[in-house]
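Undergrad: Quick one: this structure, given as structure tokens, is what I'll be asking you about.
Residue numbers (our numbering): 29 to 378.
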């Protein structure tokens, strides 16, 4: 009896679930163009905000000047939307609060990078793409001091800008690590740097991007200073957009995803044309040789290929603007691919 019932039950089950399965497997219908994409295309240019982080202008934002990185991101978005000969307008801001206000008002269509934190995401109708730079609070020390970790700062003076989130985070970190240290707050960045140079404090704490920017200011002495690898507090950066246009949000995020996937797949600025002949289905979808994927964003199938041709993959962009080939000389650190021990992982292209 069981041998008769089992095939019958299987048929009944398939008859019940197959319509739903068929419906789920069907691709979504392409969405009509959103208002932001239409406005940008009508204007023929992309208004992209860049926070130039003017020193001491705002105590609410601890990042250093990473504008070269941001400029390449602006170029990426413009090329994805308007093609290889895209025009884009950089709108500069002195502090992140001003930049976010410009995004809210419609002065800009996208902010190249903003801080992904509670206050910025919980209100104001602002959303963020995937993080593009995992900035974090760290320590800058003199190599000659032989300080290798935060534990070596016990009983030593650590400089920081008082009245900022940096102060709150270093206090909490040292308490959690049970390190008896000597706080040395400053109100002006120049005075703090002078104290560090003259050995009146043993370390400076700030965001990685700020420490790298300060190290550049030391000119010929820059080689004498080391940024410790320890992470005191997270402060990731990501492109920001208004949340009233889901299609635009998806476009900005998938430009970021494409840069990361390009590095994962070994697609570079130099080999992108050659890689269009790849038999790898992920590469085919990424570069648009498998047609139809980009219609759901309202973009050309070649949008990612055009972006990679313009700025390279994520790794190339990072090294040129923040890493070993830049004045910042930052390590990839958390911004390595997931397969290399970092935090970067692209969403599946499927």
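We put the beta carbon where it would ideally sit given N, CA and C, even for glycine.
All of these numbers come straight from a predicted model, not from anything done at the bench.
#1: Quick check: the segment 244 to 263 against the segment 191 to 207, are there 3 or more CB pairs under 8 angstroms?
#2: Taking Cβ to Cβ, would you say residue 75 is nearer than 7 angstroms to residue 123?
#3: Where do the ends of the beta strand (DSSP E) carrying residue 141 lie?
#4: Looking at the unbroken beta strand (DSSP E) that takes in residue 76, where does it start and where does it end?
#5: Could you tell me if residue 238 is buried or exposed, where buried requires 16 or more neighbouring beta carbons within 10 angstroms of its beta carbon?
#6: Distance check for residue 308 and residue 229, CA to CA, integer angstroms please.
#7: Classify residue 235: buried if its beta carbon has 16 or more other beta carbons within 10 angstroms, exposed otherwise.
#8: Measuring straight from C-alpha to C-alpha, what distance separates residue 128 and residue 332?
#9: Does the segment 105 to 116 come close enough to the segment 273 to 293 to have 3 or more Cβ pairs within less than 8 angstroms?
#10: Does the separation of the CB atoms of residue 371 and residue 162 fall below 7 angstroms?
#11: Does the distance from the C-beta atom of residue 64 to that of residue 273 stay below 7 angstroms?
#12: By Cβ distance below 7 angstroms, which residues in the same chain neighbour residue 276 in space, the five residues on each side in sequence not counted?
#13: Which of the three DSSP states is assigned to residue 349 in this structure?
#14: In three-state terms, what does DSSP make of residue 262?
#15: Let me make sure I understand the geometry here. Which of 189, 346, 326 and 184 has the alpha-carbon closest to that of residue 219?
#16: Please give the ranges of any alpha helix (DSSP H) in the segment 309 to 368, keeping only runs that are unbroken, at least 4 residues long and fully inside the region.
#17: From the DSSP output, read off the bridge partner residues of residue 233.
#18: Helix, strand or coil, according to DSSP, for residue 117 in the structure here?
#19: Using the C-alpha atoms, what's the distance from residue 94 back to residue 289?
#20: Going by the CB atoms, is the gap between residue 187 and residue 140 shorter than 7 angstroms?
#21: Report the option in 249, 68 and 114 whose CA atom is closest to the CA atom of residue 339.
#22: Look at the alpha carbon of residue 117 and the alpha carbon of residue 104, and state the distance between them as a whole number of angstroms.
#23: For residue 241 and residue 214, I'd like the C-alpha separation in whole angstroms.
#24: Can you tell me where the alpha helix (DSSP H) holding residue 274 begins and where it ends?
#25: Classify residue 158: buried if its beta carbon has 16 or more other beta carbons within 10 angstroms, exposed otherwise.
#26: Taking buried to mean at least 16 other C-beta atoms within 10 Å of its own C-beta, is residue 334 buried or exposed?
#27: With DSSP as the reference, label residue 244 as helix, strand or coil.
#28: Taking all protein chains shown into account, decide if residue 209 is buried (16 or more other Cβ within 10 angstroms of its Cβ) or exposed.
#29: Look at the Cβ atom of residue 168, then the Cβ atom of residue 232, and state whether they are nearer than 7 angstroms.
#30: From residue 100 to residue 315, what does the alpha carbon distance come to, in whole angstroms?
#31: Would you call the CB atoms of residue 344 and residue 297 closer than 7 angstroms?
#32: From residue 172 to residue 252, what does the alpha carbon distance come to, in whole angstroms?
#33: Less than 7 angstroms between the beta carbons of residue 291 and residue 324, yes or no?
#34: By how many angstroms is the C-alpha of residue 306 removed from the C-alpha of residue 319?
#35: Among 304, 313 and 226, which residue has its Cα nearest to the Cα of residue 337?
#36: Could you give the residue range of the alpha helix (DSSP H) that holds residue 101?
TA: In this structure, then:
#1: Yes, since at least three Cβ pairs between the segment 244 to 263 and the segment 191 to 207 fall closer than 8 angstroms, the two stretches touch.
#2: The residue you call residue 75 lines up with position 47 of the chain shown. The residue you call residue 123 lines up with position 95 of the chain shown. Between residue 75 and residue 123, the CB-CB gap reaches or exceeds 7 angstroms.
#3: Against the chain shown, residue 141 aligns to sequence position 113. That run of the beta strand (DSSP E) goes 138 to 143.
#4: Translated into positions along the chain shown, residue 76 becomes position 48. Under the DSSP assignment, residue 76 falls in the beta strand (DSSP E) whose first and last residues are 74 to 79.
#5: Translated into the one-based positions of the chain shown, residue 238 becomes position 210. Counting Cβ neighbours within 10 Å, residue 238 comes out buried, since at least 16 surround it.
#6: Stepping through the chain shown from its first residue, residue 229 is reached at position 201. Stepping through the chain shown from its first residue, residue 308 is reached at position 280. Approximately 54 angstroms between the Cα atoms of the pair.
#7: By 1-based counting over the chain shown, the position of residue 235 is 207. Under this definition residue 235 is a buried residue.
#8: The residue labelled residue 128 in the question sits at position 100 within the chain shown. The residue labelled residue 332 in the question sits at position 304 within the chain shown. The straight-line gap from Cα to Cα measures roughly 27 angstroms.
#9: Contact holds: three or more Cβ-Cβ distances are below 8 angstroms.
#10: To locate residue 371, count along the chain shown from 1; it is residue 343. To locate residue 162, count along the chain shown from 1; it is residue 134. In this structure, residue 371 places its C-beta atom within 7 angstroms of the C-beta atom of residue 162.
#11: Mapped onto the chain shown, residue 64 falls at position 36. Mapped onto the chain shown, residue 273 falls at position 245. Against a cut-off of 7 angstroms, the Cβ pair of residue 273 and residue 64 comes out as a contact.
#12: Taking the chain shown and counting its residues from 1, one reaches residue 276 at position 248. The residues 62, 64, 65 and 269, in chain order, have a CB closer than 7 angstroms to that of residue 276 in the same chain once the five nearest residues on each side in sequence are set aside.
#13: Residue 349 sits at position 321 when you count from the first residue of the chain shown. Here residue 349 sits in helix by DSSP.
#14: For the purposes of this step, residue 262 is taken as residue 234 along the chain shown, with counting starting at 1. In the displayed model, residue 262 falls within a strand according to three-state DSSP.
#15: Residue 219 sits at position 191 when you count from the first residue of the chain shown. If we check each option's Cα against that of residue 219, 189 comes out closest.
#16: Note on the segment 309 to 368: whole alpha helix (DSSP H) runs with a minimum of 4 residues are 309 to 315, 331 to 339 and 342 to 349, in chain order.
#17: For the purposes of this step, residue 233 is taken as residue 205 along the chain shown, with counting starting at 1. Assignment of beta-bridge partners to residue 233 by DSSP yields 167.
#18: Looking up residue 117 in the chain shown gives position 89. Of the three classes helix, strand and coil, the one that applies to residue 117 here is strand, per DSSP.
#19: Counting from one through the chain shown, the residue named residue 289 turns up at place 261. Counting from one through the chain shown, the residue named residue 94 turns up at place 66. Whole-angstrom Cα-Cα distance: 23 angstroms.
#20: In the chain shown, the residue the question calls residue 140 occupies position 112. In the chain shown, the residue the question calls residue 187 occupies position 159. For residue 140 and residue 187, no; Cβs fall outside 7 angstroms.
#21: As a first step, residue 339 must be located in the chain shown, where it is residue number 311. Of the candidates 249, 68 and 114, the residue whose Cα lies closest to the Cα of residue 339 is 114.
#22: Position 89 of the chain shown, counted from the start, is the residue given in the question as residue 117. Position 76 of the chain shown, counted from the start, is the residue given in the question as residue 104. Taking the straight line joining both Cα atoms gives about 13 angstroms.
#23: Position 213 of the chain shown, counted from the first residue, corresponds to residue 241. Position 186 of the chain shown, counted from the first residue, corresponds to residue 214. Computed Cα separation, rounded: 18 angstroms.
#24: Position 246 of the chain shown, counted from the start, is the residue given in the question as residue 274. Note, residue 274: alpha helix (DSSP H), 274 to 293.
#25: The count along the chain shown starts at 1 and reaches residue 158 at position 130. With 16 or more other Cβ atoms within 10 Å, it is buried.
#26: Numbered from its first residue, the chain shown carries residue 334 at position 306. Buried.
#27: Here the question's residue 244 lines up with position 216 in the chain shown. Assignment of residue 244 by DSSP, reduced to helix, strand and coil, places it in the helix class.
#28: Residue numbering aside, residue 209 sits at position 181 when the chain shown is read from its first letter. Looking at its Cβ environment, which holds 16 or more other Cβ atoms inside 10 Å, residue 209 is buried.
#29: Position 140 of the chain shown, counted from the first residue, corresponds to residue 168. Position 204 of the chain shown, counted from the first residue, corresponds to residue 232. Yes, Cβ-Cβ distance for residue 168 and residue 232 is below 7 angstroms.
#30: Position 72 of the chain shown, counted from the start, is the residue given in the question as residue 100. Position 287 of the chain shown, counted from the start, is the residue given in the question as residue 315. If I take the Cα positions, the gap works out to 19 angstroms.
#31: For this step, residue 344 is matched to residue 316 along the chain shown. For this step, residue 297 is matched to residue 269 along the chain shown. Judged by beta-carbon spacing, residue 297 lies within the 7 angstroms limit of residue 344, meaning their Cβ atoms are closer than that value.
#32: Position 144 of the chain shown, counted from the first residue, corresponds to residue 172. Position 224 of the chain shown, counted from the first residue, corresponds to residue 252. Distance between the alpha carbons of residue 172 and residue 252 is about 7 angstroms.
#33: The residue given as residue 291 occupies position 263 in the chain shown. The residue given as residue 324 occupies position 296 in the chain shown. No, the pair does not count as a contact, with Cβ atoms beyond the cut-off.
#34: In the chain shown, residue 319 corresponds to position 291, counting from 1. In the chain shown, residue 306 corresponds to position 278, counting from 1. Counting only the Cα atoms, residue 306 lies some 14 angstroms from residue 319.
#35: On the chain shown, residue 337 is found 309 positions in, with the first residue counted as 1. Out of 304, 313 and 226, the CA that lies nearest to the CA of residue 337 is found in 304.
#36: Here residue 101 refers to the residue found at position 73 of the chain shown. If you look at residue 101, you'll find it in the alpha helix (DSSP H) that goes 95 to 110.
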